[in-house]
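Taking it in order: structure first as structure tokens, then the write-up.
Numbering (the numbering used here), first residue to last: 1330 to 1561.
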């Protein structure tokens, strides 16, 4: 799988982090799971629905959505994250029918429909979501278009990420693969409209900040939003 500089940096970072990710970010992940479940209706999840969980990591978004839908399919560029996702799904009795993940990248500029993801099962999803990974993407607009391409007509694209300015306390952000220092409602509306998912657009800043605990005691809080829109 070809990688540009940013993608390669993110892959290397998350390959190293995968084994300890859930333990390291247990409290913040729990807060995010609660936020997703509290906003299931806002997102537009429906019983029997299929979710494409992009940049799925260890699968917290899939697990958050699973009680409300029937199938979650993850894609991540980190081999180790995919392995953790699938191991956790197996341990919970959800693999492969309920939850499964694959190694891949849908946002390569010269490859709009990679061969590994060209079969009919890779299209007509009811939802495609990205959870706290969008700010790592080299080209958010391209990624959004590629995800909308995978949705059925009327399907929902949704993004859970950080509000503009939330990453201002990270002077070393670029070293951590961060491309965007958060997003505004206007940013997201423009991205969704350009991607073809501007119908019924909604943007909600979640009321409770999420705290990321650091080993050195220098904890960081983030304001988090949910954005959603439907494919025309």
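Even for Gly, the Cβ is constructed at its ideal location relative to N, Cα and C.
As summarised for the stretch 1422-1503, the continuous alpha helix (DSSP H) elements at least 4 residues long and confined to that stretch are 1469-1478, given in chain order.
The alpha-carbon of residue 1394 is positioned some 26 Å away from that of residue 1509. Bounds of the alpha helix (DSSP H) holding residue 1362 are 1355-1367. Residue 1370 counts as exposed, since fewer than 16 other C-beta atoms from the protein chains shown sit within 10 angstroms of its C-beta.
At least 8 Å separates the beta-carbon of residue 1535 from that of residue 1521. Just measuring C-alpha positions, the residue of 1373, 1490, 1450, 1382 sitting nearest residue 1511 is 1490. In the DSSP assignment, no residue is bridged to residue 1411. Closest in alpha carbon position to residue 1479, among 1524, 1460, 1462, is 1524. For residue 1551, the enclosing beta strand (DSSP E) starts and ends at 1549-1551. Beta-bridge annotation (DSSP): residue 1535 is not paired with any residue. According to the DSSP secondary-structure assignment, residue 1400 is paired through a beta bridge with 1379. Distance between residue 1483 and residue 1561, taken at the CA atoms: about 6 Å.
Sequence-distant partners of residue 1514 (beyond 5 residues in either direction) whose C-beta falls short of 7 Å from its own C-beta, in its chain, are 1532. Bridge partners of residue 1392 according to DSSP: none are assigned. In the DSSP assignment, no residue is bridged to residue 1509. Comparing alpha-carbon positions, the option among 1539, 1519, 1493, 1481 lying closest to residue 1381 turns out to be 1481.
Put simply, the backbone Cα of residue 1398 is about 5 Å away from that of residue 1376. Annotation for residue 1523: the continuous alpha helix (DSSP H) segment containing it runs 1514-1524. In the same chain as residue 1541, and ignoring 5 residues on each side of it, the C-beta atoms closer than 6 Å to its own belong to 1357, 1549, in chain order. Three or more beta-carbon pairs drawn from the stretch 1430-1437 and the stretch 1463-1472 are found closer than 8 Å, and the two stretches are therefore classed as touching. The Cβ atoms of residue 1383 and residue 1457 sit closer than 8 Å to each other. Secondary structure of residue 1387 (DSSP, three-state): coil. Of the candidates 1451, 1391, 1406, 1446, 1391 places its Cα closest to the Cα of residue 1427.
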